[in-house]
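Here the structure is laid out as structure tokens; the discussion comes afterwards.
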Amino acid sequence: MPFVNWLKRNLVVIAGLLTLGYLLLPNVIVTVFSFNRPKGRFNYEWQRFSLDAWKDPCGVSDLCGSLSVSLQIAVLATLGATVLGTLIAFALVRYRFRARGAVNSLIFLPMAMPEVVMAASLLTLFLNMGAQLGFWTILIAHIMFCLSFVVTAVKARVMSMDPRLEEAARDLYAGPFQTFVRVTLPIAAPGIAAGALLAFALSFDDFIITNFNAGSTVTFPMFVWGSAQRGTPVQINVIGTTMFVVAVLLVLVSMAAGNRRGRRQA
Amino acid sequence: MTTLTESPPPLAPEAPEPKPPKRRGRWTPYWLLLPGILWLLVFFALPMIYQASTSVQTGSLEEGYKVTWHFATYWDALSAYWPQFVRSVLYAGTATLLCLLLGYPLAYLIAFRAGRWRNLIMILVIAPFFTSFLIRTLAWKTILADGGPVVGALDTLHVLDVTSWLGLTAGDRVLATPLAVICGLTYNFLPFMILPLYTSLERIDGRLHEAAGDLYARPWTTFRKVTFPLSMPGVVSGTLLTFIPAAGDYVNADLLGSTDTRMVGNTIQTQFLRVLDYPTAAALSFILMAAILLMVTLYIRRSGTEDLV
Amino acid sequence: MTNKTDPSGDVRLTGIAKTYGAFTAVHPLDLTVPQGSFFALLGASGCGKTTTLRMIAGLEEPTRGTVHLGDQDVTALPPYKRPVNTVFQSYALFPHLNIFENVAFGLRRRGLKSVKKQVEEMLDLVQLGEQARKKPHQLSGGQQQRVAVARALINHPKVLLLDEPLGALDLKLRRQMQLELKRIQTEVGITFVHVTHDQEEAMTMADTVAVMNAGRVEQLGSPADLYENPRTTFVANFLGTSNFIEAEVDSKNGDEVVLKAGGGKLVLPASRCSAPAGTGGRVLVGVRPEKISLTHADDAGEIPVGRNRITGKIADSSFIGVSTQYVVDSPVCSDFEVYAQNIDRDPRLVPGAEVVLHWNPAHTFGLDAAQDADAGVEEAA
Numbered sequence: 301m302p303f304v305n306w307l308k309r310n311l312v313v314i315a316g317l318l319t320l321g322y323l324l325l326p327n328v329i330v331t332v333f334s335f336n337r338p339k340g341r342f343n344y345e346w347q348r349f350s351l352d353a354w355k356d357p358c359g360v361s362d363l364c365g366s367l368s369v370s371l372q373i374a375v376l377a378t379l380g381a382t383v384l385g386t387l388i389a390f391a392l393v394r395y396r397f398r399a400r401g402a403v404n405s406l407i408f409l410p411m412a413m414p415e416v417v418m419a420a421s422l423l424t425l426f427l428n429m430g431a432q433l434g435f436w437t438i439l440i441a442h443i444m445f446c447l448s449f450v451v452t453a454v455k456a457r458v459m460s461m462d463p464r465l466e467e468a469a470r471d472l473y474a475g476p477f478q479t480f481v482r483v484t485l486p487i488a489a490p491g492i493a494a495g496a497l498l499a500f501a502l503s504f505d506d507f508i509i510t511n512f513n514a515g516s517t518v519t520f521p522m523f524v525w526g527s528a529q530r531g532t533p534v535q536i537n538v539i540g541t542t543m544f545v546v547a548v549l550l551v552l553v554s555m556a557a558g559n560r561r562g563r564r565q566a
Numbered sequence: 263m264t265t266l267t268e269s270p271p272p273l274a275p276e277a278p279e280p281k282p283p284k285r286r287g288r289w290t291p292y293w294l295l296l297p298g299i300l301w302l303l304v305f306f307a308l309p310m311i312y313q314a315s316t317s318v319q320t321g322s323l324e325e326g327y328k329v330t331w332h333f334a335t336y337w338d339a340l341s342a343y344w345p346q347f348v349r350s351v352l353y354a355g356t357a358t359l360l361c362l363l364l365g366y367p368l369a370y371l372i373a374f375r376a377g378r379w380r381n382l383i384m385i386l387v388i389a390p391f392f393t394s395f396l397i398r399t400l401a402w403k404t405i406l407a408d409g410g411p412v413v414g415a416l417d418t419l420h421v422l423d424v425t426s427w428l429g430l431t432a433g434d435r436v437l438a439t440p441l442a443v444i445c446g447l448t449y450n451f452l453p454f455m456i457l458p459l460y461t462s463l464e465r466i467d468g469r470l471h472e473a474a475g476d477l478y479a480r481p482w483t484t485f486r487k488v489t490f491p492l493s494m495p496g497v498v499s500g501t502l503l504t505f506i507p508a509a510g511d512y513v514n515a516d517l518l519g520s521t522d523t524r525m526v527g528n529t530i531q532t533q534f535l536r537v538l539d540y541p542t543a544a545a546l547s548f549i550l551m552a553a554i555l556l557m558v559t560l561y562i563r564r565s566g567t568e569d570l571v
Numbered sequence: 002m003t004n005k006t007d008p009s010g011d012v013r014l015t016g017i018a019k020t021y022g023a024f025t026a027v028h029p030l031d032l033t034v035p036q037g038s039f040f041a042l043l044g045a046s047g048c049g050k051t052t053t054l055r056m057i058a059g060l061e062e063p064t065r066g067t068v069h070l071g072d073q074d075v076t077a078l079p080p081y082k083r084p085v086n087t088v089f090q091s092y093a094l095f096p097h098l099n100i101f102e103n104v105a106f107g108l109r110r111r112g113l114k115s116v117k118k119q120v121e122e123m124l125d126l127v128q129l130g131e132q133a134r135k136k137p138h139q140l141s142g143g144q145q146q147r148v149a150v151a152r153a154l155i156n157h158p159k160v161l162l163l164d165e166p167l168g169a170l171d172l173k174l175r176r177q178m179q180l181e182l183k184r185i186q187t188e189v190g191i192t193f194v195h196v197t198h199d200q201e202e203a204m205t206m207a208d209t210v211a212v213m214n215a216g217r218v219e220q221l222g223s224p225a226d227l228y229e230n231p232r233t234t235f236v237a238n239f240l241g242t243s244n245f246i247e248a249e250v251d252s253k254n255g256d257e258v259v260l261k262a263g264g265g266k267l268v269l270p271a272s273r274c275s276a277p278a279g280t281g282g283r284v285l286v287g288v289r290p291e292k293i294s295l296t297h298a299d300d301a302g303e304i305p306v307g308r309n310r311i312t313g314k315i316a317d318s319s320f321i322g323v324s325t326q327y328v329v330d331s332p333v334c335s336d337f338e339v340y341a342q343n344i345d346r347d348p349r350l351v352p353g354a355e356v357v358l359h360w361n362p363a364h365t366f367g368l369d370a371a372q373d374a375d376a377g378v379e380e381a382a
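The listed protein sequences derive, respectively, from chains Y, A and Z. Once you know that position 154 of the first sequence is 454 in our numbering, the rest is easy, because the numbers rise by one and skip nothing. Once you know that position 231 of the second sequence is 493 in our numbering, the rest is easy, because the numbers rise by one and skip nothing. Once you know that position 67 of the third sequence is 68 in our numbering, the rest is easy, because the numbers rise by one and skip nothing.
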């Protein structure tokens with residue numbers, strides 16, 4: 301029974317690929333339906349092929365505005381969370397201090413807390429302080445929940461870094477600042493980059509916390525949410541598809557560049 | 263056998279002696295921590311306190327709220343919304359289990375069998391993140407549409423009869439049923455299961471499999487006795503990363519479910535943003551938080567993996 | 002002060018000590034490493050040798066005491082202001098910089114602009130000119146080791162510190178690099194301080210070896226001196242193998258000490274006895290396995306007079322090519338080890354045979370019986 305044997309050996313591969321299919325199926329649908337010309341207000345049923353939405357991605361009012369708001373918030377939140385998170389990560393790995401356990405818990409809790417709980421309590425705070433909900437409250441919230449993820453990513457990298465490398469730098473006439481800039485930072489860079497990328501993705505895609513604290517400001521996920529109630533324009537799919545393709549291409553290009561650099565040095 | 267794990271070189275070099283606290287700058291760590299920790303204290307911890315206080319207030323929007331230590335709000339909220347709590351735990355639990363069952367083979371595939379495809383598959387697992395999860399969740403409306411190919415196939419295979427009997431679906435519909443919500447939750451949080459699983463599987467030395475095989479373990483036994491136990495840290499953090507957000511989620515229940523599939527997240531959202539009954543909403547989210555922290559603590563105790571971060 | 006013409010490369014440690022909380026890593030220690038010497042700190046894991054090295058480098062602040070380089074007190078100087086460079090354990094090459102930049106790192110930090118010529122010359126010296134553009138992980142262990150040496154030496158330090166520099170290499174490469182390092186040291190004439198747990202490495206390379214144990218220097222001397230005349234059981238066991246017989250001082254006869262052990266008498270040069278040798282004092286009599294001759298009991302009469310002798314029975318023998326190793330059971334000491342050169346092998350010397358062990362009294366050493374005869378055995382394994 302060669303077939304049965306083959307099946308036995310590759311069962312895990314088949315199961316894994318099926319899962320991968322499950323993960324990618326919605327993206328396929330999103331892409332296919334970006335070429336749809338729906339009959340009613342909702343884009344859930346296939347009617348006929350059309351390039352209308354691709355020709356005019358900003359054709360729906362507020363769509364591109366919300367996209368721009370999301371991008372601005374994501375960039376600022378990434379910046380803020382990466383700087384604050386990197387500082388914390390260095391303090392945690394490199395220094396011994398009191399209240400270390402408390403700090404660790406404070407970092408861990410936001411990741412172990414359902415978003416809706418954080419969202420509701422933050423809104424309570426803003427309401428109590430009489431803060432004007434909008435761009436800035438969203439940004440504050442995003443920096444808050446991205447922070448822990450940056451700390452985790454950077455901490456992992458800094459922890460796996462050989463402390464002798466910094467000692468070697470100091471031994472080779474680099475003062476504390478030079479050591480940090482020439483050795484510590486470049487070596488920690490992949491961890492910081494990973495943390496920043498994660499923060500960007502989390503912020504850009506966040507809906508629950510944003511929904512509570514946005515006031516009348518509309519981010520892209522909130523636009524999609526609203527349209528799910530009122531009617532989904534095809535342009536949403538165009539933007540979703542574009543972001544997927546751009547993300548994949550960016551990664552592939554950077555990997556190819558990395559490979560080429562590796563080969564040249566070999 | 264000594265080379266099976268990543269042990270130090272054969273003639274073990276002297277281990278670095280215990281690291282002392284740093285010399286200069288006793289205050290340096292505090293300066294590094296200050297901005298970030300302050301941020302978390304003000305925008306994470308302080309809100310929790312505010313919410314705790316809100317949950318024991320009474321009053322109305324018009325006249326304002328006062329702290330009256332009215333703990334009955336908790337009891338009222340629980341007795342009014344216990345079905346939502348039960349659903350949250352059931353749906354999130356089922357979705358977590360499904361994520362583990364679906365995610366493990368894929369994580370295993372990436373870690374051990376993918377070869378040169380490893381990076382590509384990794385990219386494909388992560389890339390969907392960049393399409394807003396709301397858009398992708400909406401796509402399930404199309405996939406599970408009434409009378410569509412998926413529902414038709416499930417019907418023909420009599421799967422729907424079974425799920426109907428379990429109370430997961432109603433008639434020949436999948437949309438607006440618990441099954442659709444669970445399916446959406448599973449889909450949305452699957453990558454959070456796969457990534458930690460992959461991380462801990464990838465650390466396992468492939469030669470351990472050979473050693474187990476050499477010691478008379480069949481592939482399945484090898485998995486049960488070697489691979490799975492070693493991947494426990496990934497299983498634990500994967501289930502937590504899946505269960506916690508799934509239990510608090512209200513997007514899937516809203517987009518794919520019906521009024522009969524409302525989870526506690528939906529209730530909190532409605533109470534807070536529509537009904538504007540802040541004490542009840544605060545009490546509900548406090549109960550949810552406490553329940554989840556309790557379950558997480560028990561789970562971590564039982565699985566014996568204390569250091570997740 | 003030493004009488005050298007240029008003492009600027011002397012390393013002088015005065016009362017230096019290091020404690021971490023309740024744990025004492027290095028007990029107060031005085032040590033002088035003369036300019037131009039190859040000095041080894043030898044000891045087992047955790048004995049304080051690396052801490053001592055790091056205090057010289059400035060990577061560790063001594064709890065007490067001072068570090069002088071020549072006449073300069075450098076105790077308070079941070080590592081980047083000390084004219085000292087280190088070859089780190091597992092090299093600590095900067096992974097994000099190529100070989101050229103790794104070697105140029107120290108020069109650049111000191112503000113030198115045109116480093117190309119120097120770096121290239123240095124890389125040629127360690128035969129890595131071709132590899133300048135590679136990243137550290139693309140090199141073999143031996144090549145990485147040479148980069149680490151080049152990166153330190155290019156700065157012309159007054160002292161080069163080596164922290165287990167060969168620990169990560171395989172045996173054959175290690176032997177080769179030992180000779181290579183010795184050659185470089187002779188060529189550049191810089192003081193080398195070398196930390197190792199490998200006694201053979203220390204003996205091959207160093208002019209002077211300090212054996213450390215539990216934060217103290219047990220003994221300091223040339224390799225031959227340490228081996229032939231150990232002053233503690235730790236040194237005797239850590240450097241090679243020693244046999245010990247518990248004995249009692251019978252009498253002192255000029256520069257010889259006569260001891261009673263079991264029924265017999267043993268003789269020991271007074272100069273080689275580090276134990277108090279008053280009559281009735283207890284002494285551990287030590288002798289190295291290769292100094293001992295083995296004669297079958299039937300031929301006992303042929304043994305020349307004046308040699309120390311004890312009787313025993315062969316318990317075990319193993320043939321290892323250049324020599325045969327015997328384990329002999331004797332009333333005064335079980336598990337007596339004897340290494341016999343395979344020149345004329347007596348076929349009667351098999352397990353169970355009654356034998357006489359005898360050796361030149363000049364090869365005997367006497368240690369204080371108050372110490373543990375097995376100290377250092379585990380650590381040397």
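Cβ atoms here follow ideal geometry from the backbone N, Cα and C, with glycine treated the same way.
Indicate the three-state DSSP secondary structure (helix, strand or coil) for residue i in the structure shown.
{"i": "K284/A", "result": "For K284/A, the predicted model reports a pLDDT of 46, less than 50, meaning its position is unreliable; a value from the coordinates is still stated below. The answer is coil: DSSP assigns K284/A none of H, G, I, E or B."}
{"i": "F260/A", "result": "This structure cannot speak to residue 260/A, because chain A is shown only from 263 to 571."}
{"i": "E303/Z", "result": "helix"}
{"i": "V383/Y", "result": "helix"}
{"i": "Q73/Z", "result": "strand"}
{"i": "C334/Z", "result": "strand"}
{"i": "W360/Z", "result": "strand"}
{"i": "F397/Y", "result": "coil"}
Take the Cβ of residue i as the centre, count every other Cβ of all protein chains shown within 10 Å, and call the residue buried at 16 or more, exposed below.
{"i": "Y327/Z", "result": "buried"}
{"i": "T567/Y", "result": "Absent from the model: residue 567/Y. The displayed extent of chain Y is 301 to 566, so no value can be given."}
{"i": "D352/Y", "result": "exposed"}
{"i": "R564/A", "result": "exposed"}
{"i": "R65/Z", "result": "exposed"}
{"i": "L163/Z", "result": "buried"}
{"i": "R110/Z", "result": "buried"}
Show which residues of chain Y have a CB atom less than 8 Å away from the CB atom of residue i.
{"i": "T87/Z", "result": "E467, A468 and D471"}
{"i": "V387/A", "result": "L320 and L323"}
Considering only the beta carbon of each residue, do residue i and residue j sit closer than 8 Å?
{"i": "P486/Y", "j": "D505/Y", "result": "no"}
{"i": "A402/Y", "j": "L447/Y", "result": "no"}
{"i": "P270/Z", "j": "A371/Z", "result": "no"}
{"i": "E165/Z", "j": "Q179/Z", "result": "no"}
{"i": "P137/Z", "j": "Q145/Z", "result": "yes"}
{"i": "I539/Y", "j": "I438/Y", "result": "no"}
In chain Y, which residues lie less than 7 Å from residue i when you measure between Cβ atoms?
{"i": "A58/Z", "result": "D471"}
{"i": "R110/Z", "result": "L472, Y473, A474 and Q478"}
{"i": "K487/A", "result": "What K487/A touches in chain Y: nothing, since even the nearest Cβ is about 17 Å away."}
Residue i versus chain Z: which residues are under 7 Å apart at the beta carbon?
{"i": "D462/Y", "result": "A93"}
Taking Cβ-Cβ distances shorter than 7 Å, what residues in chain A pair up with residue i?
{"i": "W525/Y", "result": "L396"}
* Which residues, in chain order, does the region 359-378 of chain A contribute to contact with chain Y at a C-beta distance below 7 Å? -> L364, G365, P367, L368, Y370, L371 and R375
* Within 9 Å of chain A by C-beta, residues of the region 412-426 of chain Y in sequence order -> A412, M413, P414, E415, V416, V417, M418, A419, A420, S421, L422, L423, T424, L425 and F426
* Of the residues that make up the region 385-404 of chain Y, which ones have a beta carbon closer than 7 Å to any beta carbon in chain A? -> G385, L387, I388, F390, A391, Y395, R396, F397, V403 and N404
* Relative to chain Z, which residues along the region 482-504 of chain Y have a C-beta separation below 7 Å, given in chain order? -> V483, P486 and I487
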